[in-house]
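Student: Below is the structure I would like to discuss, written out as C-alpha cells.
Residue numbers (full-length UniProt numbering), protein chains in the order written: chain C, 1 to 425; chain D, 1 to 425.
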C-alpha cells in the first residue's frame with residue numbers, strides 16, 4: 001500500500017460531469033489499496049471569471065482581497081469533489097488550504113510556503129478516508145494569531161500537491177491534466193511531437209520555465225529537492241503519462257542530449273537603445289527600476305532574458321502583461337539610466353531547446369542557427385546555458401521555428417532520433 | 001458618532017454594478033462620521049447556483065461539504081465589496097465568518113452561534129477602516145482545535161449582522177434589501193399595502209415567522225433580546241424604510257390592534273386520517289417520526305401548524321420540499337402510528353393576521369371568517385394565538401384571501417384604517 005497525491009487541474013474538474021468522472025478514478029485508486037490525497041484547482045474558468053469580477057469593480061484590487069476572492073474558487077471544486085467521492089460510498093473530507101496546514105508568508109498573490117502541517121489530512125487517511133484539499137491557497141498567521149487567506153500564484157495547485165506529498169512522505173504525486181503527458185514539443189503546433197515516458201527533474205524544470213505549461217516550475221524544483229516522483233497524465237484516459245523523477249528513464253538515450261523544444265508566445269520585449277557603454281552598475285540599476293514596481297514583476301525579471309546587442313542596446317523579455325508598467329517605470333527613470341530610445345514589441349517569439357550538456361556539444365548550437373535560417377526564421381538573439389538554448393524571433397515565425405528545431409533534432413519519430421541527434425554531436 | 005452595521009442581501013449585490021453603488025452608500029455613511037461594519041450575502045443567485053452544482057453531483061450532499069461549498073458565495077461578494085470600498089479611497093478589510101469571530105456549534109447547515117468574538121472587526125474600526133464580513137457563515141472549533149466551516153441556515157446573513165451588532169454594541173443594525181421596508185402585506189399581491197414606518201420586535205417576529213421574507217425570524221428575536229434597533233430599507237433609494245425596535249412607533253395606533261397580513265405559499269399539507277382517538281403520546285410520536293429524518297425537518301416541525309379535525313384527522317403543514325421525505329417516514333411508521341390513510345397536498349395557502357391582544361377582541365376572529373366567506377375563499381382551518389391568527393385555504397385562493405383580510409382591517413389607506421379597524425373591536 002502506498003500514499004498517492006492526485007492533483008486535478010481546472011479542465012479536469014470543469015463541470016459536475018467531469019467531477020463525477022474524476023471521483024470514480026480517485027475511488028478506484030483508493031479501492032486498489034492506496035491512501036489518496038486529492039488536490040483540486042478551481043473549476044474550468046472560475047479563476048478567470050472571479051478576476052473579471054474584480055476588474056469590473058476596480059482596476060487595482062487590493063492583493064489581500066484578491067486572495068480572499070480567488071480562494072473561493074478552489075473551495076467550491078473541493079467541496080463538490082468530496083461530495084462526489086462520498087456519493088460513491090467512499091468516505092471523504094474536504095479541507096481548505098488553511099485546514100490542510102499550508103502556512104505561508106504574508107505576501108498576497110504569490111505567497112511563499114513557510115510550513116506544511118497536514119495533521120488533519122493525515123488523520124483523515126488514518127481512518128480510511130480520502131482527503132480532498134483546495135489547491136492554490138494557504139494561510140498566513142501573524143504574531144497576534146490572526147489568519148489571512150493567501151494564494152500561491154501561478155501553478156499554485158501543483159505546488160500544493162507537491163508540498164503535501166513531501167510532508168506526508170507520499171510515494172507518488174500525480175498531476176492530472178487535459179493532455180496525455182509531457183511531449184517533446186507542444187503537439188498542437190508540432191503534430192509528430194512525441195510523448196516522453198520519462199523525464200528527469202532537471203529537464204522538466206527547464207521545459208516548465210521555458211513555456212511548457214504542463215507543470216509549474218516551482219513544483220518541479222520542490223519535488224526534485226525532496227525526491228518525490230511526479231507523474232503527469234490525462235484525466236480523460238488511463239494512459240500512464242510521463243514520469244518525472246531523478247533517475248534517467250529507459251528511453252532518454254534515444255533522443256541523445258536533446259530532450260525537447262519549449263516555446264512561449266506570451267512575452268513582450270523592451271529594448272533600451274543607446275545605453276552608455278554597458279556597465280554592471282547600470283544593468284543592476286535597470287533591474288532595480290523594473291523590479292521595484294510590482295510583486296508580479298519581480299518574477300518577470302527573474303524570468304527575463306537579457307542580451308547585449310552591440311555596445312549599447314539592452315533587451316528585456318518579460319510577460320506581456322507586465323510590459324506597459326515596466327515601460328512607464330523606465331520612462332520615468334530615463335534621465336538616470338541615460339538611454340537614447342526605448343522600444344517596445346508587444347509580442348516576441350521565444351523558443352528553447354532543452355537538453356543536458358548542450359554546451360559540450362558545439363554542433364547543437366550550429367544546428368539551431370542553421371535550421372532557423374533554412375526555415376526563413378529571423379533569429380534575433382540566442383542565449384545559451386548547459387541545459388537550455390533560448391532564441392528570440394518574430395512572434396509570427398515562432399511556430400515555424402519550433403517545428404524546425406523539433407525536426408532537426410529528430411525529436412518526433414524514434415527511428416529518426418538516432419540519426420538526427422547525431423548532428424548535435 | 002455611532003456604530004452602524006449594514007447588511008446587504010443578495011439582490012443588493014447581484015452584480016458588480018450594484019456592488020459599486022452599494023459601496024458608495026457605505027462610504028457616504030462612513031464619511032458622515034460613523035463606524036461601519038458591512039455584512040454581505042452571496043451575489044444574486046450564487047447560493048442557488050452552488051446548490052444546483054451540489055445536486056448535480058449527488059442527491060444527498062454531506063452537510064459538512066455543503067457548508068464548505070456554500071460559504072464560498074459570501075467570500076466572493078465580501079472580497080468584491082471590500083475592493084469596491086477601497087477603490088473609493090476608504091480603507092476596508094474583508095473577513096470570513098471565522099475571521100470575524102462567528103463561532104458556532106458543529107451542526108452543519110443551520111449551526112447555532114455559540115460565541116461572537118469580533119476582535120479583528122473592532123481593530124479594523126479602531127484604525128478608521130470599514131470592516132466587511134461574509135454573512136451566513138461561521139466556524140466550529142472542536143476540542144482538538146480543528147476548525148470546520150459552518151453555515152447558519154436560512155436568513156443567516158441577517159443573523160450575522162445582528163449578532164455582530166450586539167457584540168460590538170452597535171447603535172443600529174440596518175438590513176438593506178430590494179423592497180422599501182416592511183409592509184402591511186406583500187405589495188406584489190396587495191397594491192395598496194402600506195409601508196410601516198415603525199414596527200415592534202414582537203410584531204416583526206410574527207410577520208417573519210408567518211412568511212414575510214424581509215427579515216429572518218431568528219435575527220429579530222436576537223435583536224429584541226439585546227435591544228438593538230433594526231432598520232429595514234432599500235438599497236436602491238435613500239428612503240428611511242421601517243424601523244424595528246421595542247418601542248411602539250407613532251403610527252401604530254392607526255391600525256389599531258391589527259398590524260398586517262403575512263402569507264406563505266411555500267407550504268405543503270400532510271393529513272393523517274383516522275388516527276386513533278388523539279392522545280398526546282401519539283402526537284408526540286408522530287412529531288418524533290417527522291423530526292427524526294433530517295436537520296432541516298426539525299425546523300419544519302417547529303414551524304408547523306397542527307390542527308385536529310374532528311376526532312381522528314391530524315394535519316401537518318410544512319415546507320413543501322420537506323413533504324416527500326416526511327411522507328415516506330410516516331408511511332414506514334404507519335403500523336405503529338395506526339392511521340387509516342395519509343393524504344398529501346403539494347401546496348396549501350397559509351395566511352396570518354398579525355397584531356397584538358387579538359384574542360381579547362373577539363370581533364377580529366369573526367371578521368376573519370366572514371371576510372373569507374364573502375370572498376369565496378374556502379377556510380380549511382384557523383388557529384389562533386394572541387398575536388397571530390393563521391388560516392389555511394386552497395393554494396389558488398391565497399391571493400384573494402390576503403387581499404380580503406388586508407381590506408377588511410383597513411390596513412391600506414390610513415383614512416380607512418380607523419373605520420375598518422373598528423370592525424375588529
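Each residue gets a CB set at the ideal place from its N, CA and C atoms; glycine is no exception.
Along chain D, in chain order, which residues have C-beta atoms closer than 7 Å to that of residue 56 of chain C?
Tutor: 16
Student: Kindly indicate which residue of C/158, C/119, C/24, C/10 has the alpha-carbon position closest to the one of residue 238 of chain C.
Tutor: Taking only the C-alpha atoms, the option nearest residue 238 of chain C is C/24.
Student: Looking at the unbroken beta strand (DSSP E) that takes in residue 394 of chain D, where does it start and where does it end?
Tutor: In the DSSP assignment, residue 394 of chain D falls within the unbroken beta strand (DSSP E) covering 388 to 394.
Student: Report the CB separation of residue 243 of chain C from residue 197 of chain C in whole angstroms; it is logged as a contact under 8 Å.
Tutor: Under the criterion of beta carbons closer than 8 Å, residue 243 of chain C and residue 197 of chain C qualify as touching, at roughly 7 Å.
Student: Contact defined as beta carbons within less than 8 Å: I believe residue 216 of chain D pairs with residue 138 of chain D. What is the distance between those atoms, to the nearest angstrom?
Tutor: Contact doesn't hold; Cβ gap of about 15 Å is too wide.
Student: For residue 319 of chain D, write down the residues that DSSP places opposite it in a beta bridge.
Tutor: D/267
Student: Check each candidate in C/322, C/140, C/173 and name the one with the smallest Cα separation from residue 40 of chain C.
Tutor: C/173
Student: If the criterion is Cβ atoms closer than 8 Å, does the pair residue 400 of chain D and residue 377 of chain D meet it?
Tutor: Contact check for residue 400 of chain D against residue 377 of chain D passes: the beta carbons are separated by less than 8 Å.
Student: Anyone know if the C-beta pair for residue 165 of chain C and residue 228 of chain C falls short of 8 Å?
Tutor: yes
Student: Below 8 Å, can you find three or more Cβ-Cβ pairs linking the segment 253 to 273 of chain C to the segment 317 to 324 of chain C?
Tutor: yes
Student: Measuring from the CB of residue 406 of chain C, is there a heavy atom of the ligand ADP at a distance below 7 Å?
Tutor: The ligand ADP is absent from the structure shown, which contains no ligand whatsoever.
Student: For a test of the three-state rule: what should DSSP assign to residue 434 of chain C, helix, strand or coil?
Tutor: In the structure as shown, chain C starts at 1 and stops at 425, and residue 434 of chain C therefore has no counterpart that could be examined.
Student: Using a C-beta to C-beta distance shorter than 8 Å, which residues of chain C count as neighbours of residue 84 of chain D?
Tutor: 57, 58
Student: Beta strand (DSSP E) containing residue 148 of chain C: first to last residue?
Tutor: 147 to 151
Student: Please confirm whether residue 188 of chain C and residue 132 of chain C have their CB atoms less than 8 Å apart.
Tutor: no
Student: Please look up how many angstroms separate the CB atoms of residue 150 of chain C and residue 185 of chain C, rounded, as I've assumed it's under 8 Å.
Tutor: Between residue 185 of chain C and residue 150 of chain C the Cβ distance is about 35 Å, and since that is not below 8 Å, they are no contact.
Student: Using C-beta distances below 6 Å, list every residue in its chain close to residue 222 of chain D, excluding the 5 sequence neighbours before and after it, in chain order.
Tutor: 162
Student: Can you tell me whether residue 201 of chain C is helix, strand or coil according to DSSP?
Tutor: It is helical.
Student: Let me see if you follow: with CB-CB separation under 8 Å, is residue 21 of chain C close to chain D or not?
Tutor: no
Student: Helix, strand or coil for residue 367 of chain C? Go by DSSP, reduced to three states.
Tutor: helix
Student: With a threshold of 8 Å between beta-carbons, can residue 115 of chain D be considered close to chain C, or not?
Tutor: no
Student: Between the C-alpha atoms of residue 58 of chain D and residue 17 of chain C, what's the straight-line distance to the nearest angstrom?
Tutor: 11 Å
Student: Between the Cα of residue 233 of chain C and those of C/175, C/226, C/286, spot the shortest distance and give me the residue it belongs to.
Tutor: C/175
Student: Just to confirm, is the Cβ distance from residue 355 of chain D to residue 259 of chain D under 8 Å?
Tutor: yes
Student: Whole-angstrom Cβ separation of residue 34 of chain D and residue 90 of chain D, contact assumed at under 8 Å?
Tutor: That belief does not hold up - the Cβ atoms of residue 34 of chain D and residue 90 of chain D are roughly 12 Å apart, past 8 Å.
Student: Against chain D, which members of the segment 97 to 109 of chain C pass a CB distance test of less than 9 Å?
Tutor: 98, 99
Student: Just confirm the distance between the C-beta atoms of residue 37 of chain C and residue 5 of chain C, as a whole number of angstroms; I'd bet it's less than 8 Å.
Tutor: 5 Å
Student: According to DSSP, is residue 182 of chain D part of a helix, a strand, or is it coil?
Tutor: coil
Student: Starting from the Cα of residue 144 of chain C, find the closest Cα among D/171, D/153, D/99, D/167 and give me that residue.
Tutor: D/99
Student: Can you say whether residue 300 of chain C is buried or exposed, counting buried as having 16 or more other CB atoms within 10 angstroms of its CB?
Tutor: Low per-residue confidence applies at residue 300 of chain C: pLDDT is 37, beneath 50, and the placement is therefore not dependable enough to give any value.
Student: Keeping to the same chain, check which residues put their C-beta closer than 6 Å to that of residue 147 of chain D; ignore five residues upstream and five downstream.
Tutor: 139, 141
Student: Assuming the contact rule is C-beta atoms closer than 8 Å, residue 386 of chain D and residue 353 of chain D should be a hit. Round their C-beta distance to whole Å, please.
Tutor: Contact annotation, residue 386 of chain D with residue 353 of chain D: C-beta distance approximately 12 Å; criterion of less than 8 Å not satisfied.
Student: Is the shortest distance between the beta-carbon of residue 24 of chain C and the beta-carbons of chain D less than 8 Å?
Tutor: No - not a single Cβ of chain D is within 8 Å of the one on residue 24 of chain C.
Student: Let me know if residue 305 of chain C comes out buried or exposed under the rule of 16 or more other beta-carbons within 10 Å of its beta-carbon.
Tutor: Only weak support is given to the placement of residue 305 of chain C: the predicted model assigns it a pLDDT of 42, under 50, and the value that follows is read from those uncertain coordinates. Per the 10 Å Cβ criterion, buried.
Student: Nearest to residue 407 of chain C by CA position, among C/333, C/79, C/383, C/375, is which residue?
Tutor: C/375
Student: Beta-carbon within less than 7 Å of residue 206 of chain D's beta-carbon, same chain only, minus the 5 sequence neighbours each way: which residues are those?
Tutor: 354, 387, 388
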